[in-house]
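J.:
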Amino acid sequence: MSSSLKRPPLLIKGNEAIIKGAILAGCKTFFGYPITPASEIAEAAARDFPAAGGTFIQAESETASINMVYGAASAGVRTMTASSGPGISLMQEGVSYLAGSELPAVIVSIVRGGPGLGNIGPEQSDYNQIVRIGGHGNYRNPVLAPAT
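So the sequence shown is numbered by our numbering: it starts at 260 and just counts up by one.
1. Determine, for residue 301, whether the minimum Cβ-Cβ distance to residues of chain D falls below 9 Å.
2. Which residue's Cα is closest to the Cα of residue 390: 347, 360, 356, 359?
3. Let's see if you can read the secondary structure: which residues bound the beta strand (DSSP E) around residue 339?
4. Please confirm if the stretch 336-346 is in contact with the stretch 264-273, defined as three or more CB-CB distances below 8 Å between the two stretches.
5. Provide the residue(s) that pair with residue 314 in DSSP beta bridges, ordered along the chain.
6. Out of curiosity, what's the CA-to-CA distance linking residue 395 and residue 282?
7. Measure how close the beta-carbons of residue 310 and residue 367 come, nearest whole angstrom, since I'm counting them as under 8 Å.
8. Counting Cβ pairs, one atom from each stretch, are 3 or more of them under 8 Å apart for the stretch 315-322 and the stretch 355-370?
9. Going by DSSP, what residue range makes up the beta strand (DSSP E) through residue 365?
10. Whose C-beta lies closer than 7 Å to the C-beta of residue 352 among residues of the same chain, with five residues either side of it excluded?
11. Name the residue from 285, 279, 322 whose alpha carbon lies nearest to the alpha carbon of residue 300.
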């Protein structure tokens, strides 16, 4: 590779990298509801998805956002949402529908301590929640969990 084709490394936050990676992977829709510490993902999606020919919709709730994801996935659209512990809890029924229908979707869970609304400190509770997803039914979801 010639030096004229090399680009300098890109240094960005992980939350923004999620959106850039999703767009490069062909994701066309993002449905979400802001919640700390995942709000930066929705902000990046609102900025970048329309510019890439995709759709961003800020839903009225986490429940609405996962059901919009379910609808888009049912139509064959690459789709995603992002939230954190309390929001992921509210999405459980929709996640169960996705699993039962065997539809692909990306659900990003940014770790937030608990119980309840908890704090914004890191811990393992969100990891446990997403690995052993709380929706009804006997299923497991594939989980990618990067380490820092």
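Virtual Cβ for every residue (Gly too), placed ideally from N, Cα, C.
T.: In short:
1. Of the protein chains in this structure there is only one, and it is not chain D.
2. What you label residue 390 is simply residue 131 of the sequence shown in a count that begins at 1. The option with the nearest alpha carbon to residue 390 is 347.
3. As a working note, residue 339 is residue 80 in the sequence shown. Unbroken beta strand (DSSP E) run through residue 339: 338-343.
4. Contact between the stretch 336-346 and the stretch 264-273 is absent, because fewer than three Cβ pairs lie under 8 Å.
5. Translated into positions along the sequence shown, residue 314 becomes position 55. Under DSSP, the beta-bridge partners assigned to residue 314 are 288.
6. On the sequence shown, residue 395 is found 136 positions in, with the first residue counted as 1. On the sequence shown, residue 282 is found 23 positions in, with the first residue counted as 1. In a straight line, the C-alpha of residue 395 is about 31 Å away from that of residue 282.
7. The count along the sequence shown starts at 1 and reaches residue 310 at position 51. The count along the sequence shown starts at 1 and reaches residue 367 at position 108. The C-beta distance from residue 310 to residue 367 rounds to 20 Å, too long to meet the 8 Å contact threshold.
8. The answer is no - the stretch 355-370 does not touch the stretch 315-322, with fewer than three Cβ pairs under 8 Å.
9. By one-based count along the sequence shown, residue 365 stands at place 106. Note, residue 365: beta strand (DSSP E), 365-369.
10. Walking along the sequence shown from the start, residue 352 turns up at place 93. Cβ within range, chain order: 394.
11. By 1-based counting over the sequence shown, the position of residue 300 is 41. Nearest C-alpha to residue 300: 279.
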